[in-house]
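So that you can map any letter, position 31 of the sequence shown is 904 in my numbering, and since no number is skipped, the others follow by simple counting. The C-beta atom is built at its ideal place from N, Cα and C for all residues, glycine as well. Below is one structure, written out as structure tokens, with a few remarks after it.
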Amino acid sequence: MNFADKLNFLMTITKTSNSALAGRVSLDASYISRLRSGKRLMPKDLGVVQGMASSLARRCLEDYQKKAVSDALRLAPGTIDSAALAGEITQWLIHDSAGGSEQVGRFLSGLSDLGSRPAPRLSPENRQPPFPLDAVSIYFGVTGKRQAAEQFLSEVAAREKPQTLLLFSDEETSWMTAEPEYARKWAELMVRILTRGNKIKIIHTISRDLDEMLNAISQWMPLYLCGNIEPYFYPKKRDGLFKRTLFIAPETAAVVSNSIGAQVSLAANVLYRDHTAVASFAEEFLQYLRLCRPLMRIFTARDRRACYDTLAEFEREQADTLIKTESLSMLTMPESLLAAITRRSHADASSDLSVHEARRKRFLNGLRSNQFREIICLPDIGAVKNGAVKVSMSEMLVGGAYYTPEEFSAHLEYVAALLASQPNYHVHLLGKPTEGSYTVYAREELGVIVAKTSTPPVVLAMSEGNMIAAFWDYLKDMAGEKSASLQDRAEVIARLREYLAMLRE
């Protein structure tokens, strides 16, 4: 979050109007409005910022306000007086957060490593004893929660007919992962459920905190790779006092529990099998779901057509763009080159070629009015000559392909030609290789597409505002745009020509 985002958050949560804050610090209300929108930078006078912080701290009276501000500032839970809170707010406001970029970097690193981690595996199915027929079963505490969840998942996994599971919990969730043996069993049951054609709608408890969002995505990523999961989030802050769990299989059972704060040790976890009760909880979940927003859309290799449709929607709107791929963007690849690559790969890609042609037209039309910045790390010459450089996102879009030296040279020649002819197309050359097999494709204030390009591939299409801003800032940091101007166009073209000459040797 930058200064404007932080100020707007504090004024919103404390219900402070522009005029009220302006009166406290002897400024004009229109100036406060411009600070909130980002049209004006943070005041250079520290005394003004301190005055704002003091005023906002004094208006932070209700428990939900204290909870929201403490979460945002990452303060330890507990009572803090307004004077101390004012000091914390001042420090938070004056330090522009670079943490978002670091969090995004950690997330991308974990995403790239996902294929190298052992995935949840299906153990041989043991013969299940008959399930209880009780309409209601009650389990207590953390151990009981594990028992209830395992029983619930086992009953769902044993059912032949697929259904859509409805999952939500804002209770403390370390019970799932604290014991490795139970975590393994949980993952195995979830994989079995998904591989049998069941679907999941899950509401993540992430409020508006970037770290929570990325952690939630990371924890579920191995299961996202199975497909058939729709993640959502509730966009407003809650005080976190009253908490609830709803695990519902509409045709089978529901696990329901409640707790106060983090006190789950004595909580009752109730497993309902009565169809009327289960239907009631399903309706409760769906009512909550109507207040939620999609966290992202997830595409695996079998979702290629849906991924194409989302790309078309994503690229239809006009917006400035930042993109970093593992090699060169397919948007800058001439149609004839893609056709040659697909023929060589023996891929039946006639539909892929028509999609690529449409994407290229949108890309070139967009250059008339919007900036397009591509971040490129030129691969090792030896890797190119050995045919070890992958065509970006090819696992998802054309079934996986690598450049020949001639093909990579042709693509890079076209990039240089674009630079020479299109003033709105920019290239930033990275000085050292970046780790990880991923693509980040961000369009300012519109959306971001993150792709894991190693096997198995997965594409995440996100439209949540904080996520877009975080990935946008991550790419800007990578390109050095926060500390320096764009690299000189003529210098970049010269470096590309020099690289191409080395490639021909």
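Stretch pair the stretch 1199–1213 + the stretch 1255–1269: three plus CB contacts closer than 8 angstroms: yes
Runs of alpha helix (DSSP H) wholly within the stretch 1049–1123 (minimum 4 residues, chain order): 1053–1068 and 1083–1097
Nearest-angstrom beta carbon gap, Phe1106 and Cys844 [assumed within contact, 8 angstroms]: Shown here, the chain extends from 874 to 1378; a query on residue 844 therefore has no answer.
Gln1136 versus Gly1070, Glu1044, Arg1146 and Glu1280, residue with shortest Cα-Cα distance: Glu1044
Buried/exposed call for Glu1033, threshold 16 Cβ in 10 Å: So Glu1033 ends up on the exposed side.
8 angstroms Cβ shell around Pro1035 - same chain, five flanking residues per side excluded: Arg1069, Gly1070, Asn1071 and Lys1072
Any chain B beta carbon closer than 8 angstroms to Gln1036: Protein chains in the displayed structure number just one, and chain B is not present.
Own chain partners of Leu1373 with C-beta closer than 8 angstroms, once the 5 adjacent residues on each side are dropped: Ser1282, Leu1285, Glu1286 and Ala1289
Nearest candidate by alpha-carbon position, reference Asp1193, set Phe1236, Glu1023, Val942 and Tyr904: That would be Phe1236, whose Cα lies nearest to the Cα of Asp1193.
First through last residue of the beta strand (DSSP E) which encompasses Ala1315: From DSSP, the beta strand (DSSP E) with Ala1315 extends over Tyr1311 to Arg1316.
Helix, strand or coil at Thr1037 according to DSSP, with G and I counted as helix: strand
Alpha carbon of Pro1330 to alpha carbon of Glu1268, nearest angstrom: C-alpha separation (whole angstroms): 6 angstroms.
Rounded straight-line distance, which links the Cα of Ser1130 to that of Ala971: Note that Ala971 scores 47 on pLDDT, short of 50, meaning its location in the model is unreliable; the coordinates nonetheless yield the value given after this. If you take the alpha carbons of Ala971 and Ser1130, they lie about 38 angstroms apart.
N- and C-terminal bounds of the alpha helix (DSSP H) containing Thr963: Ser955 to Ile967
Straight-line gap, Val1009 to Pro1123 (C-alpha atoms, nearest Å): 15 angstroms
Host alpha helix (DSSP H) of Asn881 (start-end): Phe876 to Ile886
DSSP three-state assignment for Arg1362, whether helix, strand or coil: Of the three classes helix, strand and coil, the one that applies to Arg1362 here is helix, per DSSP.
Minimum C-alpha distance to Thr840 - residue among Ala1051, Ser1027 and Leu1040: Outside the modelled stretch of the chain, which goes from 874 to 1378, sits residue 840, for which no answer is possible.
Same chain, Cβ closer than 7 angstroms to Leu1292, neighbours up to 5 away in sequence not counted: Tyr1298, Val1300, Arg1362, Val1365 and Ile1366
Straight-line Cα distance separating Ala1315 from Met1351: 13 angstroms
The stretch 927–934 contacting the stretch 882–902, beta-carbon criterion three pairs below 8 angstroms: yes
Residue span of the alpha helix (DSSP H) that contains Leu946, given as start and end: Looking at the DSSP string, the run of the alpha helix (DSSP H) that includes Leu946 is Asp936 to Leu946.
Rounded straight-line distance, which links the Cα of Lys1058 to that of Met827: No answer is possible for residue 827: the residues shown for the chain start at 874 and end at 1378.
Backbone CA spacing between Arg1232 and Glu1188 [nearest angstrom]: Near 8 angstroms, if we compare the C-alpha coordinates of Glu1188 and Arg1232.
The stretch 1021–1028 in contact with the stretch 1142–1152 per 3-pair CB rule at 8 angstroms: yes
Classification of Val1259 by the beta-carbon crowding that lies within 10 angstroms, buried from 16 upward: The sequence given here places Asn at residue 1259; Val does not occur at that position. Under this definition Asn1259 is an exposed residue.
Close beta carbons around Gly983, own chain, < 7 angstroms, minus the five adjacent residues each side: Hits under 7 angstroms: Ser1091.
Proximity winner among Glu1371, Lys1305, Ala895 and Phe1172, relative to Lys1325 (alpha-carbon distances): Phe1172
For Leu1226, the nearest candidate out of Leu1211, Lys1234 and Ser1218 (CA to CA): Leu1211
Ala1140, buried or exposed, once every other Cβ within 10 Å from all chains shown has been counted against 16: When all chains shown are included, Ala1140 counts as buried.
Contact belief for Ile1391 with Leu1303 at Cβ below 8 angstroms, rounded distance in angstroms: Outside the displayed range of the chain (874 to 1378) lies residue 1391, so it cannot be described from this structure.
Continuous alpha helix (DSSP H) stretch holding Thr1016: start and end: Gly1014 to Ala1031
As assigned by DSSP and simplified to three states, the class of Lys1349: helix
Runs of beta strand (DSSP E) wholly within the stretch 1212–1282 (minimum 3 residues, chain order): 1245–1249
Collapsed DSSP secondary structure at Ala971 in the structure displayed: The predicted position of Ala971 is uncertain, since its pLDDT is 47 and thus under 50; a value taken from the coordinates is nonetheless stated next. Three-state result, Ala971: coil.
Span separating the alpha-carbon of Glu1280 from that of Ile1214: 8 angstroms
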